Structures are given as structure tokens and as C-alpha cells.
Amino acid sequence: MHANKEPFLRALQKQKIPKNIIEAFDAIDQGLFFDPVFRKKLYTGDVIPIGFGEISDPPVALAKMLKHLALKKSWRVLEIGTGSGYSTALLSRLAGEVVTIELSEELALSAKKHLLDCGVSNVRQFAGSGTEFDAPLGMFDAVIVCAACRKRPLPLVRRLKARGKMVFPMGPEHQQQICVLLNETDDAEKELFKTSFHEFCEFGPLQGKYGWLP
Numbered sequence: 580m581h582a583n584k585e586p587f588l589r590a591l592q593k594q595k596i597p598k599n600i601i602e603a604f605d606a607i608d609q610g611l612f613f614d615p616v617f618r619k620k621l622y623t624g625d626v627i628p629i630g631f632g633e634i635s636d637p638p639v640a641l642a643k644m645l646k647h648l649a650l651k652k653s654w655r656v657l658e659i660g661t662g663s664g665y666s667t668a669l670l671s672r673l674a675g676e677v678v679t680i681e682l683s684e685e686l687a688l689s690a691k692k693h694l695l696d697c698g699v700s701n702v703r704q705f706a707g708s709g710t711e712f713d714a715p716l717g718m719f720d721a722v723i724v725c726a727a728c729r730k731r732p733l734p735l736v737r738r739l740k741a742r743g744k745m746v747f748p749m750g751p752e753h754q755q756q757i758c759v760l761l762n763e764t765d766d767a768e769k770e771l772f773k774t775s776f777h778e779f780c781e782f783g784p785l786q787g788k789y790g791w792l793p
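In C-alpha cells, the structure reads:
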């Protein structure tokens, strides 16, 4: 076991992260998703370079987003921003099916290998812009965006089932808040989205119409 793992899991407990999420962090080996040169950064809470100019999600903020998402094992979840595949592997432990979209084709291919190495089998992967994706992916119980949004990504909101939930970081480039959006309508022809803001965080920028980079 990595020397930093137990202290990291205890830190999550102090943050009042639910037991099932801590168990997912315990079950997934971070070392499978990052270059061995960064071994000392594993389980420290630091972000880690993942190649192609990108970095990992901040682990504690990711844990808090998962807490707000409150996934059920029967749920179907959409993830925007596969990255290294580490967050995807965590989601695979918490939900029944994960569909994940990564803008960078190179990162998507790298994540695919990492997830295979991890033995994940309930994930479908795609490469492309998650907020402008045209594939008929259906509706989801939950959506998580692992990148900073400038405003609500409305195409993703409309992929939520009635009573579905979406979690994403929203705010300025240098700092965001975790945003939780609930689809409170039972009528597919109406929109009733309750939005609340929670802990501060700092994620890399979402690219495209609803993010900060073209």
C-alpha cells in the first residue's frame, strides 16, 4: 500500500465524505492512472500532470462533488472530462453504468488503457466535445462535469431524467464553486431546474461554448 493512502482516506473522513465514496477511493489504485514519475504525489490531494498539457482533478474537490451527486448503484451517469480515467473508475464503483466523454482523443485512448488495467467493465467511452455531443446517448440519472464551467451547460441539463442531478464547478477561471442542479420537474415538456452553490474548488477550464477556452 502507498504510504500516503491511509492518511488521505482519513482526511476524506474528516471532510465527512460518505463511506461508499471513501471505499471507492480505497479500491481504485491511483498508481494505475498516473506516470510513475509522480508516485510521490499519489494520495496527497495534489493535482498531477496527466499529459497533453492537462492535469488531474483535485482529489478532495472531486470527492466533494461525488458526495453532492449521491449516486445510487442502479443509476446511469454521464461524465464530461474523462482525463486520466481515474474519476471514471471511481464513478464505475458508485453507479451501474458510466458514459464518459473526453475532448482530447489522445487522453481518451490513454484513459481507455488505464481503465482496462483497472478491470473496469461498466464504462462506455467517447472522444469529442461533451457539451456539443450528438451521439444518441439517451437520458441520465446524473451528470458530472470535471472541468470549470463559465455558465450552466444547458445541453447537459437536458440530458437529465426527471428528478435527475448534475454537479459541476462554476465560476471564474481561478476559482469556482461546486454547483448542484436538480431537475425537479416530472414533465418532459417543462423545465424546472433548482441550482445551489457549495464548496469552493479549482478545476481546469472546460473548453467550448460553456467554458473558458475555445
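Residue numbers (my numbering): 580 to 793.
Built from N, CA and C at the ideal position, the CB exists for glycine as well.
Small disclaimer: the values here were computed from a predicted structure and weren't measured.
- DSSP places residue 659 outside any alpha helix (DSSP H); the residue lies instead in the beta strand (DSSP E), whose first and last residues are 655 to 659.
- Residues of the same chain with a CB within less than 8 Å of the CB of residue 607, apart from the 5 flanking positions on each side, are 665, 668, 669, 672 and 697 in chain order.
- Taking C-beta atoms as the reference points, residue 742 and residue 657 fail to come closer than 8 Å.
- Between residue 622 and residue 581, the gap from beta carbon to beta carbon is short of 8 Å.
- 711 is the residue among 693, 711 and 620 whose C-alpha sits nearest the C-alpha of residue 680.
- Secondary structure remark: continuous alpha helix (DSSP H) runs of at least 4 residues inside the stretch 596 to 636, in chain order: 598 to 606.
- Rounded to the nearest angstrom, the Cβ distance from residue 690 to residue 663 is 6 Å, consistent with a contact under 8 Å.
- Counting the other Cβ atoms within 10 Å of the Cβ of residue 701 gives fewer than 16, which makes it exposed.
- CA-CA distance, residue 715 to residue 745, rounds to 19 Å.
- Around residue 705, the same chain offers 680 as residues with beta carbons nearer than 6 Å, after the five sequence neighbours per side are excluded.
- Between the C-alpha atoms of residue 777 and residue 583 there is a straight-line separation of about 27 Å.
- Taking 4 residues as the minimum length, the alpha helix (DSSP H) runs contained wholly in the stretch 679 to 755 are 684 to 697 and 733 to 736, in order along the chain.
- According to the DSSP assignment, residue 777 belongs to the beta strand (DSSP E) that extends over 772 to 780.
- Per DSSP, the continuous alpha helix (DSSP H) segment holding residue 584 begins and ends at 584 to 593.
- Scanning its chain for C-beta atoms nearer than 8 Å, with the 5 sequence neighbours on each side dropped, one finds around residue 733 the residues 789, in chain order.
- One thing to note: residue 725 has its Cβ no nearer than 8 Å to the Cβ of residue 757.
- Here the alpha carbon of residue 754 sits roughly 16 Å from the alpha carbon of residue 625.
- An exposed status is given to residue 586, since fewer than 16 other beta-carbon atoms sit within 10 Å of its beta-carbon.
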